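A.B. asks: Handing you this structure, nothing more for now.
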Amino acid sequence: TRVLVVAAATRTDALDPALVAPGRLDHLIEIALPDTDAQREILDLVRVETEKNAGRQLFAPIDYGKVLPVMGGMSGADISVIMRRTLEAKVHAAAAGGPPSLVTTENLLEAIDGYKGVRGVVEKIRYGQYL
């Protein structure tokens, strides 16, 4: 019999050494975090797909010169969460009686800043700094 195991981990340092001992796994493949060009492509992919699903424009032109430098170390999943949270904030504002408006570069920068703060706390909890 043959067994194929496919697994993914964001923190390889937390894996049980017995799991990755010699002879356990045939291949270990590391996928690096996206570089600036890839992050821009991810932002564009999420934007285009979101607007396609909505059937209308949701984003003002994004100033990548401002957004990309503050996104260092973010994965595609991080970027998707930031885009979703930014859109959710716009929906909540419109539902509260605010005028509908497009997502701006400033909105994205605020969401990135908030996300980094939350991510920092999660990392501290993960590594036992808050326990």
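Here this note's numbering is used: position 65 in the sequence shown is 107, and no number is missing along the way. Just so you know, even glycine gets a beta-carbon here, dropped at the ideal spot from N, CA and C. Predicted model only: the values in this text are computed from it and were never measured.
So, under 8 angstroms CB-CB, Leu85 and Ile104 are touching, yes? Tell me the CB distance rounded to an integer number of Å.
C.D. replies: With 8 angstroms as the limit, Leu85 and Ile104 qualify as a contact, their Cβ atoms being about 7 angstroms apart.
A.B. asks: Mind checking which residues open and close the alpha helix (DSSP H) that includes Ile84?
C.D. replies: Segment 78-96, the alpha helix (DSSP H) holding Ile84.
A.B. asks: Using a threshold of 9 angstroms, state whether the C-beta atoms of Val145 and Lys132 are closer than that.
C.D. replies: A contact, by the Cβ cut-off of 9 angstroms.
A.B. asks: Counting along the chain, where does the alpha helix (DSSP H) carrying His134 start and finish?
C.D. replies: First-last of the alpha helix (DSSP H) with His134: 118-137.
A.B. asks: Going by the beta-carbon positions, is the gap between Phe101 and Arg89 smaller than 9 angstroms?
C.D. replies: Yes, Cβ-Cβ distance for Phe101 and Arg89 is below 9 angstroms.
A.B. asks: For Val112, does the three-state DSSP call read helix, strand or coil?
C.D. replies: It is helical.
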